[in-house]
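Here is the structure we will look at.
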Amino acid sequence: MKSKTMDKSNETTLKLTVSAIMVALSTVLSFVKFSELPYGGSVTLFSFVPILFVGYAYGAKWGLGAGLVHGILQMIFGISGATAGAGFKWWQVVLCALLDYLVAFSVLGLSGVFKKSIKNPQASFALGALFACVLKYISHFFSGYILFGGWAEWFFTEGGGMSYGSKILSAYSGNVLSAVYSVIYNATFSIPETVLSLVMVVVLISIKPIRKAAGIK
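Going by numbering that gives the first Met the number 0, the sequence shown opens with residue 0, and the numbers climb by one from there.
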(Lines of atoms letter the chains of each structure in order from A; the text may use other names.)
(Lines give C-alpha, C1' and ligand atoms only; values in the text may rest on other atoms or scores of the structure.)
Protein backbone atom coordinates (compact mmCIF):
# COMPACT_ATOMS: atom_id res chain seq x y z
CA MET A 0 0.00 0.00 0.00
CA LYS A 1 2.82 2.36 0.93
CA SER A 2 4.65 1.50 -2.29
CA LYS A 3 1.58 2.33 -4.39
CA THR A 4 1.19 5.66 -2.61
CA MET A 5 4.85 6.50 -3.23
CA ASP A 6 4.56 5.49 -6.89
CA LYS A 7 1.53 7.74 -7.31
CA SER A 8 3.32 10.59 -5.56
CA ASN A 9 6.37 10.15 -7.79
CA GLU A 10 4.15 10.08 -10.88
CA THR A 11 2.42 13.29 -9.82
CA THR A 12 5.77 14.95 -9.17
CA LEU A 13 7.01 13.89 -12.60
CA LYS A 14 3.91 15.23 -14.34
CA LEU A 15 4.12 18.48 -12.40
CA THR A 16 7.79 18.90 -13.29
CA VAL A 17 7.31 18.11 -16.97
CA SER A 18 4.27 20.40 -17.16
CA ALA A 19 6.22 23.26 -15.60
CA ILE A 20 9.07 22.74 -18.07
CA MET A 21 6.61 22.67 -20.99
CA VAL A 22 4.95 25.90 -19.82
CA ALA A 23 8.37 27.55 -19.59
CA LEU A 24 9.31 26.26 -23.05
CA SER A 25 6.05 27.50 -24.56
CA THR A 26 6.62 30.91 -23.02
CA VAL A 27 10.15 31.15 -24.41
CA LEU A 28 9.05 29.98 -27.87
CA SER A 29 6.22 32.53 -27.89
CA PHE A 30 8.83 35.28 -28.05
CA VAL A 31 10.33 33.83 -31.25
CA LYS A 32 7.93 35.26 -33.84
CA PHE A 33 7.84 34.84 -37.59
CA SER A 34 5.22 37.57 -37.87
CA GLU A 35 3.14 39.70 -35.52
CA LEU A 36 -0.13 41.51 -36.15
CA PRO A 37 -0.38 45.10 -34.92
CA TYR A 38 -3.48 44.49 -32.78
CA GLY A 39 -2.73 41.13 -31.24
CA GLY A 40 -1.84 37.72 -32.58
CA SER A 41 1.40 36.30 -33.95
CA VAL A 42 2.92 33.28 -35.66
CA THR A 43 5.53 31.78 -33.36
CA LEU A 44 8.15 29.04 -33.31
CA PHE A 45 5.91 26.10 -32.31
CA SER A 46 4.88 27.72 -29.01
CA PHE A 47 1.61 25.72 -28.89
CA VAL A 48 3.38 22.37 -29.10
CA PRO A 49 4.64 21.96 -25.49
CA ILE A 50 1.12 22.59 -24.12
CA LEU A 51 -0.36 20.28 -26.75
CA PHE A 52 2.11 17.61 -25.61
CA VAL A 53 1.07 17.92 -21.95
CA GLY A 54 -2.59 17.52 -22.91
CA TYR A 55 -1.85 14.50 -25.08
CA ALA A 56 0.55 12.81 -22.67
CA TYR A 57 -1.20 13.43 -19.35
CA GLY A 58 -4.82 14.13 -20.22
CA ALA A 59 -7.22 17.05 -20.07
CA LYS A 60 -6.74 17.94 -16.40
CA TRP A 61 -3.00 18.44 -16.73
CA GLY A 62 -3.30 19.95 -20.18
CA LEU A 63 -5.90 22.51 -19.13
CA GLY A 64 -3.81 23.39 -16.08
CA ALA A 65 -0.64 23.89 -18.11
CA GLY A 66 -2.54 25.88 -20.73
CA LEU A 67 -4.09 28.09 -18.06
CA VAL A 68 -0.71 28.90 -16.50
CA HIS A 69 0.73 29.63 -19.93
CA GLY A 70 -2.29 31.83 -20.68
CA ILE A 71 -1.74 33.79 -17.48
CA LEU A 72 1.88 34.39 -18.45
CA GLN A 73 0.87 35.47 -21.95
CA MET A 74 -1.74 37.79 -20.45
CA ILE A 75 0.86 39.43 -18.22
CA PHE A 76 3.09 40.05 -21.22
CA GLY A 77 0.42 41.06 -23.72
CA ILE A 78 -2.90 42.33 -22.44
CA SER A 79 -1.94 45.84 -21.32
CA GLY A 80 -0.91 47.08 -24.75
CA ALA A 81 -3.86 45.56 -26.58
CA THR A 82 -6.53 46.86 -24.21
CA ALA A 83 -4.95 50.28 -23.74
CA GLY A 84 -4.85 50.80 -27.48
CA ALA A 85 -8.52 49.90 -27.75
CA GLY A 86 -9.56 52.20 -24.88
CA PHE A 87 -11.29 49.36 -23.07
CA LYS A 88 -13.49 49.67 -19.99
CA TRP A 89 -12.84 47.36 -17.05
CA TRP A 90 -15.39 44.71 -18.09
CA GLN A 91 -13.93 44.64 -21.60
CA VAL A 92 -10.47 44.09 -20.16
CA VAL A 93 -11.85 41.17 -18.12
CA LEU A 94 -13.58 39.67 -21.16
CA CYS A 95 -10.44 40.10 -23.25
CA ALA A 96 -8.41 38.35 -20.54
CA LEU A 97 -10.84 35.44 -20.52
CA LEU A 98 -11.30 34.95 -24.26
CA ASP A 99 -7.87 35.87 -25.63
CA TYR A 100 -5.74 34.40 -22.86
CA LEU A 101 -7.27 32.22 -20.14
CA VAL A 102 -9.74 30.26 -22.27
CA ALA A 103 -7.77 30.45 -25.52
CA PHE A 104 -4.59 28.92 -24.12
CA SER A 105 -6.29 26.53 -21.69
CA VAL A 106 -8.12 24.68 -24.47
CA LEU A 107 -4.79 23.74 -26.06
CA GLY A 108 -4.62 21.19 -23.25
CA LEU A 109 -7.52 19.23 -24.78
CA SER A 110 -5.20 17.75 -27.41
CA GLY A 111 -5.54 14.22 -26.04
CA VAL A 112 -9.23 13.94 -26.84
CA PHE A 113 -8.67 11.25 -29.52
CA LYS A 114 -5.81 9.40 -27.82
CA LYS A 115 -7.91 6.44 -26.66
CA SER A 116 -10.28 6.21 -29.63
CA ILE A 117 -7.65 6.43 -32.40
CA LYS A 118 -4.83 3.93 -32.01
CA ASN A 119 -2.42 5.50 -34.50
CA PRO A 120 -0.45 8.02 -32.40
CA GLN A 121 0.36 10.35 -35.29
CA ALA A 122 -3.31 10.56 -36.28
CA SER A 123 -4.66 10.85 -32.74
CA PHE A 124 -2.17 13.57 -31.74
CA ALA A 125 -2.61 15.51 -34.98
CA LEU A 126 -6.41 15.41 -34.81
CA GLY A 127 -6.36 16.28 -31.12
CA ALA A 128 -4.02 19.19 -31.79
CA LEU A 129 -6.25 20.39 -34.63
CA PHE A 130 -9.30 20.16 -32.37
CA ALA A 131 -7.56 22.17 -29.64
CA CYS A 132 -6.31 24.81 -32.09
CA VAL A 133 -9.81 25.20 -33.56
CA LEU A 134 -11.20 25.76 -30.07
CA LYS A 135 -8.53 28.40 -29.49
CA TYR A 136 -9.47 30.09 -32.76
CA ILE A 137 -13.15 30.11 -31.77
CA SER A 138 -12.28 31.80 -28.49
CA HIS A 139 -10.31 34.48 -30.36
CA PHE A 140 -13.18 34.86 -32.83
CA PHE A 141 -15.65 35.72 -30.09
CA SER A 142 -13.18 38.18 -28.61
CA GLY A 143 -12.73 39.85 -31.99
CA TYR A 144 -16.44 39.91 -32.69
CA ILE A 145 -17.51 41.27 -29.30
CA LEU A 146 -14.61 43.54 -28.39
CA PHE A 147 -12.86 44.53 -31.61
CA GLY A 148 -15.70 44.44 -34.15
CA GLY A 149 -15.84 48.23 -34.18
CA TRP A 150 -12.49 48.26 -35.96
CA ALA A 151 -13.82 46.29 -38.94
CA GLU A 152 -14.49 49.24 -41.25
CA TRP A 153 -11.08 50.75 -40.58
CA PHE A 154 -9.39 47.38 -41.03
CA PHE A 155 -10.92 46.79 -44.46
CA THR A 156 -10.20 50.32 -45.67
CA GLU A 157 -6.82 51.24 -44.18
CA GLY A 158 -5.46 48.68 -41.74
CA GLY A 159 -5.58 45.36 -43.55
CA GLY A 160 -3.98 46.22 -46.85
CA MET A 161 -6.53 43.98 -48.59
CA SER A 162 -7.58 44.48 -52.19
CA TYR A 163 -10.97 42.95 -51.48
CA GLY A 164 -11.71 45.19 -48.48
CA SER A 165 -14.07 47.43 -50.45
CA LYS A 166 -16.03 44.40 -51.66
CA ILE A 167 -16.47 43.17 -48.10
CA LEU A 168 -17.62 46.62 -46.94
CA SER A 169 -20.17 46.83 -49.74
CA ALA A 170 -21.50 43.35 -49.00
CA TYR A 171 -21.67 43.40 -45.20
CA SER A 172 -22.44 45.79 -42.38
CA GLY A 173 -23.18 45.83 -38.66
CA ASN A 174 -22.75 42.61 -36.72
CA VAL A 175 -22.13 40.56 -39.85
CA LEU A 176 -19.22 42.83 -40.81
CA SER A 177 -17.81 42.46 -37.29
CA ALA A 178 -18.02 38.68 -37.61
CA VAL A 179 -16.33 38.66 -41.03
CA TYR A 180 -13.60 40.91 -39.67
CA SER A 181 -12.96 38.61 -36.71
CA VAL A 182 -12.93 35.50 -38.92
CA ILE A 183 -10.35 36.99 -41.28
CA TYR A 184 -8.18 38.78 -38.74
CA ASN A 185 -7.83 35.80 -36.41
CA ALA A 186 -7.32 33.38 -39.30
CA THR A 187 -4.26 35.32 -40.48
CA PHE A 188 -2.24 34.12 -37.50
CA SER A 189 -4.23 31.08 -36.33
CA ILE A 190 -4.00 29.10 -39.56
CA PRO A 191 -0.19 29.34 -39.99
CA GLU A 192 0.35 28.62 -36.29
CA THR A 193 -1.95 25.60 -36.47
CA VAL A 194 -0.21 24.21 -39.56
CA LEU A 195 3.21 24.58 -37.93
CA SER A 196 1.92 22.90 -34.76
CA LEU A 197 0.40 19.97 -36.64
CA VAL A 198 3.62 19.31 -38.54
CA MET A 199 5.65 19.39 -35.34
CA VAL A 200 3.36 17.12 -33.29
CA VAL A 201 3.43 14.49 -36.03
CA VAL A 202 7.23 14.66 -36.13
CA LEU A 203 7.57 14.52 -32.35
CA ILE A 204 5.20 11.62 -31.76
CA SER A 205 7.11 9.63 -34.38
CA ILE A 206 10.19 9.71 -32.13
CA LYS A 207 10.24 6.62 -29.89
CA PRO A 208 11.39 8.25 -26.59
CA ILE A 209 8.76 10.97 -26.95
CA ARG A 210 6.08 8.36 -27.73
CA LYS A 211 7.12 6.54 -24.57
CA ALA A 212 6.96 9.76 -22.55
CA ALA A 213 3.44 10.29 -23.88
CA GLY A 214 2.39 6.86 -22.66
CA ILE A 215 2.35 5.23 -26.11
CA LYS A 216 3.91 1.78 -26.36
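Cβ atoms here follow ideal geometry from the backbone N, Cα and C, with glycine treated the same way.
Computed from a predicted model, the values in this text were never measured in an experiment.
What's the call for residue i, buried or exposed, on a 16-neighbour Cβ count within 10 Å?
{"i": "L36", "result": "exposed"}
{"i": "D6", "result": "exposed"}
{"i": "T193", "result": "buried"}
{"i": "S34", "result": "exposed"}
{"i": "V198", "result": "exposed"}
{"i": "I167", "result": "buried"}
{"i": "S165", "result": "exposed"}
If residue i and residue j are in contact, beta carbons under 8 Å, what's the gap, nearest whole angstrom?
{"i": "S105", "j": "G70", "result": "6 Å"}
{"i": "L109", "j": "L134", "result": "7 Å"}
{"i": "A65", "j": "G214", "result": "That pair is no contact at about 16 Å."}
{"i": "Y144", "j": "S181", "result": "4 Å"}
{"i": "L107", "j": "G54", "result": "7 Å"}
Spatial neighbours of residue i within its chain, please: C-beta separation below 8 Å, excluding the five flanking residues on both sides.
{"i": "S196", "result": "F45, F47, V48, L51, A128 and C132"}
{"i": "A186", "result": "Y136"}
{"i": "L24", "result": "P49"}
Compute the Euclidean distance between the alpha carbons of residue i and residue j, then round it to the nearest angstrom.
{"i": "V31", "j": "I117", "result": "33 Å"}
{"i": "Q121", "j": "D99", "result": "28 Å"}
{"i": "G62", "j": "V68", "result": "10 Å"}
{"i": "T156", "j": "S18", "result": "44 Å"}
{"i": "L15", "j": "H139", "result": "28 Å"}
{"i": "I204", "j": "F124", "result": "8 Å"}
{"i": "G74", "j": "L101", "result": "Note on residue identity: the sequence assigns Met, not Gly, to residue 74. Rounded to whole angstroms, M74 to L101 spans 8 Å at the Cα level."}
{"i": "I183", "j": "F76", "result": "24 Å"}
{"i": "L126", "j": "Y163", "result": "33 Å"}
{"i": "S8", "j": "T26", "result": "27 Å"}
Output needed for residue i: all residues of its chain with C-beta closer than 7 Å, excluding positions within five of it in sequence on either side, in chain order.
{"i": "I20", "result": "none"}
{"i": "F188", "result": "L36, G40, S41 and V42"}
{"i": "A212", "result": "A56"}
{"i": "A103", "result": "G70, K135, S138 and H139"}
{"i": "S142", "result": "C95, L98 and D99"}
If you drop the 5 nearest sequence neighbours on each side, which residues of the same chain put their C-beta closer than 6 Å to that of residue i?
{"i": "P191", "result": "V42"}
{"i": "L97", "result": "none"}
{"i": "N119", "result": "none"}
Would the stretch 85-92 count as touching the stretch 169-177 if we require 3 or more Cβ pairs under 8 Å? no
Are three or more beta carbon pairs between the stretch 113-120 and the stretch 144-154 nearer than 8 Å? no
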